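Below is one structure; the comments refer to it alone.
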Amino acid sequence: MAEPLELKKTLNLPKTDFPMKASLPQNEPKQLEAWYAGNIYERILEARKGKPLFVLHDGPPYPTGEIHLGTGLNKILKDLIVKTKSMAGHYAPYVPGWDCHGLPIETQVEKELGGKGKVPPAEFRKLCREFATHYVEQHKRDFKRLGIFGQWNDPYLTMSFGYEATIAGAFLDFMEKGYVYRGRKPVYWCIYDSTALAEAEVEYEDHSSPSIWVKFGVAGGGKGDAAKIGKDVSAVIWTTTPWTLPHNRALAFHPDFEYVVVDTEKGALLLAADRVTALQAECGIKEAKVRGTFKGRDFEGMKFQHPFLDIQVPGILADYVTLDQGSGIVHTAPGHGADDFNSGQKYGLETYAPLDDKGVYLEGLPEYKGKDVFSANPIVVKLLGDRGALLGHHDYKHTYPHCWRCHNPVIFRATEQWFIKMDQPAQGRQKTLREEALEEIHQVKWIPAWGEDRMYEMIEKRPDWCVSRQRFWGVPIIVFYCDGCGKRLEDYKALRNVVKWFEKEGADAWYKHSPEELLPAGTKCACGASKWRKENDILDVWFDSGSSHLSVLKGPEWPADVYLEGPDQYRGWFHSSLLVATGVRDAAPYRGIVTHGWTLDEQGRPMSKSLGNALYPIEICERWGADLLRLWVSSVEYQADMKMSERVMTQLSEAYRKIRNTFRFALGNLSDFDPSRDALANSQLEEIDKWMLDRTAELVKKCREWYANYEFHRVYHAIHDYCVVRAAPHKQPSGRPVTR
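Mapping to numbering that gives the first Met the number 0: the sequence shown position 508 is 507, numbers consecutive.
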């Protein structure tokens, strides 16, 4: 009897082991385990040996806490670049790194210790190192879960011995070239963490300050008709930092502005003509009758009586005076502002800022002496009121600089710090560090293009670089002072002996050994003394991270082909890397800069724990899988800010399923395809086959171009469109594609 016919056997159905359901959260860890067991990253590099080199240099995140969505996006973008370059035929190593020094880690360790100064510096540094190591390992695990390939077994760490030696050596290069000096200038200062801060360590947050209008009585002097205005007149200033008034040393006028004396019910007042209406509105002045008109330059040299101190301060001229707010006369305290300091240098004013590291007044009237500056604000306001010098007072809401770690308001404070000169050429050079850095900016490819102007403006306007910090966890500034005469050791051969100690023991050697051990035997000062004391300050962490290219990129790897980070790095890592490289190697450390935007929630708000709107990469992996997160990164126009939400992930899940099933269908239909047996010459293909192959070739060509320009969202949308619109309709009822 004949066997019954199985109709299924008469059909050529697709066959594949590629499942329809991805089950990414369950299957991805198994796939990753297999990849790492098979040394997939090392095998990729081995296969590309001898090919053209491509280097993406990794910007080092801080190893503190859980990686957030922005960090995940950053690392996935880098992985996309490295992998696509490798697939395009490049030898593309990826060395991840971490920025292990500085205030973020010190703050965390101090919290665990229950305060500052609980243990000696060497022990404190050991705890910082352990803290950083713990989070480096946690970050490694999380980045690997995202499918990032790289040199995870040997990343670069700014706290490694070799890296710390590189940092110290780079600083000595700057010093030997004549860029470095110690001086007293106003810098950002956190009174809570007792340290100077870099501009990149300051964040602007909403703040309420006391806004006050204050009278400084005319004491005499001036030029032309201004000299005759009379001592019944008071100059008016406006400030939101009453605590700086004890340190006022001048009043600044714009030389070309028109100033007037107006008679009011609160006395005869001197201010800019264009600000009289604002004064009336702010201070409740009903009538203001103009008595006389003058030019700002006429008040240069005029004397004004301080409202509560027994001193007179001069009128000076300054172009930075504006008519946007205030009175058009600027209260000037050279110890508490960059413009004020520069004016003070020009006019020989005292840089007066007698505060301790906690912002407490060391000198002054009994009312505020011994108080910290913010506590002194209402005290100074009361002093002014009691002396009849307060014209107006109200709260003023504005953005104000805050410390990036403790999020408390910071101050400008003149202290002794180490600086790198921006406007003085190095020894034997014609151009300044600023000029050389500005020239290098034009040699870099910026994506987006606006990055060039942004970086140029920042370098063009920045002050000298304050590179010293009053902390312990970092690389010490290699400076020794003679115990005999106090002069600084300038024997650079002797100083570089310390770098050798750092190579063997790390920067901890500075705290473990005496100066005589660190320096070559017999190192003497010109005065004949041989006893030395060490500098206490450490280097700015941005100098640390800005030296990464010197430590990581060897031989032909320098300069890197590309750096990729968020927009904050224009004043951070992009910035410091450019200055370090230009100072040490006379060129930018990167050929290209790519900038991505911020990650936002569905309403366009920054993600944060406090708002409860944060999505974390590991959370996403557990719910949807790393491939879905990677698909999101590849689908967004990352150079702008990007929104992420559960709704976005749900939509991407549908897109992922369509792309996956298109691949599954193709694999199933190609299960028995043998190119040597089944491939046809182009002339033998049907018209529809030729058309599909042509469309596919066009897609491949475009995708290669987009990959080369890091335009991943174009690749995603083109492939998704191809799968949904092009490939899907061209299927026969039997399930066989028309190209067979």
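For every residue, glycine included, the Cβ atom is placed at its ideal position computed from N, Cα and C.
Nothing here was measured: the structure is a model prediction, and the numbers come from that model.
Residue i and residue j closer than 7 Å at C-beta
| i | j | result |
| --- | --- | --- |
| phenylalanine 373 | proline 185 | no |
| phenylalanine 148 | tyrosine 40 | yes |
| alanine 287 | valine 261 | yes |
| alanine 267 | phenylalanine 256 | no |
| alanine 169 | leucine 549 | yes |
| proline 59 | aspartate 98 | yes |
| valine 593 | serine 546 | no |
| threonine 569 | proline 400 | Per the sequence presented here, residue 569 reads as tyrosine, with threonine not at that position. No, they are not a contact pair. |
| leucine 630 | leucine 651 | yes |
| histidine 89 | lysine 50 | yes |
| glutamate 175 | tyrosine 491 | yes |
| arginine 437 | isoleucine 458 | According to the sequence shown, residue 437 is leucine rather than arginine. For leucine 437 and isoleucine 458, yes; Cβs fall inside 7 Å. |
| valine 289 | phenylalanine 303 | no |
Residue i versus residue j: straight-line alpha-carbon distance, rounded
| i | j | result |
| --- | --- | --- |
| histidine 716 | serine 634 | 7 Å |
| tryptophan 740 | serine 22 | Residue 740 lies beyond the stretch modelled for the chain, which goes from 0 to 739, so this question has no answer here. |
| leucine 679 | lysine 701 | 25 Å |
| lysine 430 | glycine 582 | 11 Å |
| isoleucine 476 | lysine 642 | 43 Å |
| glycine 734 | methionine 19 | Because glycine 734 sits at a pLDDT of 40, beneath the cut-off of 50, its placement in the model cannot be relied upon, and the following sentence gives the value as read from the coordinates. Their Cα atoms are separated by approximately 15 Å. |
| tryptophan 472 | lysine 117 | 14 Å |
| threonine 165 | isoleucine 446 | 30 Å |
| aspartate 192 | asparagine 612 | 29 Å |
| proline 353 | glycine 369 | 11 Å |
| alanine 317 | methionine 301 | 14 Å |
| proline 736 | aspartate 693 | With a pLDDT of 42 at proline 736, under the threshold of 50, the predicted position of this residue should be treated as unreliable, and no value is reported. |
| aspartate 720 | histidine 138 | 35 Å |
| threonine 738 | leucine 10 | Bear in mind that the predicted position of threonine 738 carries a pLDDT of just 39, short of 50, making it unreliable; the figure below should be weighed with that in mind. Taking the straight line joining both Cα atoms gives about 17 Å. |
| lysine 357 | threonine 414 | 13 Å |
| aspartate 355 | glycine 384 | 27 Å |
| aspartate 601 | arginine 646 | According to the sequence shown, residue 601 is glutamate rather than aspartate. Between glutamate 601 and arginine 646, the C-alpha separation is close to 9 Å. |
| threonine 157 | isoleucine 658 | 42 Å |
| lysine 758 | glutamate 109 | In the structure as shown, the chain starts at 0 and stops at 739, and residue 758 therefore has no counterpart that could be examined. |
| proline 728 | proline 555 | Unreliable positioning characterises proline 728 in this predicted model, as indicated by a pLDDT of 44, which lies under 50. The coordinate reading is nonetheless provided below. Approximately 50 Å between the Cα atoms of the pair. |
| lysine 730 | methionine 648 | Legend: pLDDT at lysine 730 = 46, less than 50; position of this residue unreliable, value from coordinates given subsequently. So the two alpha carbons sit approximately 29 Å from each other. |
| lysine 115 | phenylalanine 307 | 37 Å |
| valine 632 | proline 95 | 19 Å |
| arginine 42 | proline 92 | 11 Å |
| leucine 72 | tryptophan 705 | 19 Å |
| alanine 280 | arginine 386 | 22 Å |
Where the alpha helix (DSSP H) containing residue i begins and where it ends
| i | result |
| --- | --- |
| tyrosine 351 | It is not in any alpha helix (DSSP H) - tyrosine 351 carries neither H nor E in the DSSP assignment. |
| tryptophan 766 | Only positions 0 to 739 of the chain appear in this structure, which leaves residue 766 out of reach. |
| valine 561 | Looking at the DSSP string, valine 561 is not in any alpha helix (DSSP H); the run it does join, the beta strand (DSSP E), is 561–564. |
| glutamate 257 | That residue, glutamate 257, is in no alpha helix (DSSP H); its beta strand (DSSP E) goes 257–263. |
| valine 118 | Here valine 118 belongs to no alpha helix (DSSP H), and DSSP marks it neither H nor E. |
| phenylalanine 711 | 711–720 |
| isoleucine 617 | 616–622 |
| isoleucine 440 | 432–440 |
| glycine 744 | Lying before the first or after the last residue shown, residue 744 is absent from the chain, which here runs from 0 to 739. |
| leucine 368 | In the sequence as displayed, the identity of residue 368 is lysine instead of leucine. Premise fails: lysine 368 is in no alpha helix (DSSP H) and is neither H nor E. |
| threonine 106 | 102–112 |
| tyrosine 480 | Taken as a continuous stretch (DSSP letters only), tyrosine 480 belongs to no alpha helix (DSSP H), being part of the beta strand (DSSP E) at 479–481. |
| tryptophan 705 | 686–707 |
N-terminal and C-terminal residue of the beta strand (DSSP E) that residue i is part of
| i | result |
| --- | --- |
| glycine 219 | 201–219 |
| lysine 486 | Where lysine 486 is concerned, there is no enclosing beta strand (DSSP E), given that its DSSP letter is neither H nor E. |
| isoleucine 66 | Run containing isoleucine 66: none; DSSP gives neither H nor E here. |
| leucine 270 | 266–271 |
| alanine 36 | Where alanine 36 is concerned, there is no enclosing beta strand (DSSP E), although the alpha helix (DSSP H) it sits in stretches over 23–36. |
| glutamine 91 | The question names glutamine, but residue 91 is alanine in the sequence shown. Per DSSP, alanine 91 belongs to no beta strand (DSSP E) and is neither H nor E. |
| leucine 517 | Segment 514–517 is the alpha helix (DSSP H) holding leucine 517; no beta strand (DSSP E) there. |
| phenylalanine 252 | 249–252 |
| lysine 14 | From DSSP, lysine 14 is part of no beta strand (DSSP E); its letter is neither H nor E. |
| glycine 58 | Counting along the chain, glycine 58 falls outside any beta strand (DSSP E), and DSSP gives it neither H nor E. |
Cβ of residue i within 7 Å of any chain C Cβ
| i | result |
| --- | --- |
| phenylalanine 471 | Absence of chain C from the displayed structure is noted, only one protein chain being present. |
Could you pull out every unbroken alpha helix (DSSP H) segment of at least 4 residues lying fully inside the region 375–422, listed in chain order?
Runs of the alpha helix (DSSP H) inside the region 375–422: none found.
Could you tell me whether the region 578–587 touches the region 52–71, using the rule of 3 or more Cβ pairs below 8 Å?
no
Those runs of the alpha helix (DSSP H) which lie wholly inside the region 523–604 and span at least 4 residues:
540–545, 547–551, 572–584
Pairing CB atoms from the region 419–430 with CB atoms from the region 222–229, are three or more of them under 8 Å?
With the cut-off at 8 Å, the region 419–430 and the region 222–229 do not touch.
Kindly confirm or deny that the region 321–330 and the region 237–247 touch, where touching means at least three C-beta pairs closer than 8 Å.
yes
Are the region 200–219 and the region 383–397 touching, with three or more C-beta to C-beta distances below 8 Å?
The region 200–219 vs the region 383–397: in contact.
Cβ contact (3+ pairs, closer than 8 Å) linking the region 60–70 and the region 23–33
no
Would you call the region 448–462 in contact with the region 526–539, where contact means no fewer than 3 C-beta pairs closer than 8 Å?
no
For the region 302–328, which segments carrying the beta strand (DSSP E) assignment without a break, of at least 3 residues, lie completely within its bounds, in sequence order?
302–304, 311–316
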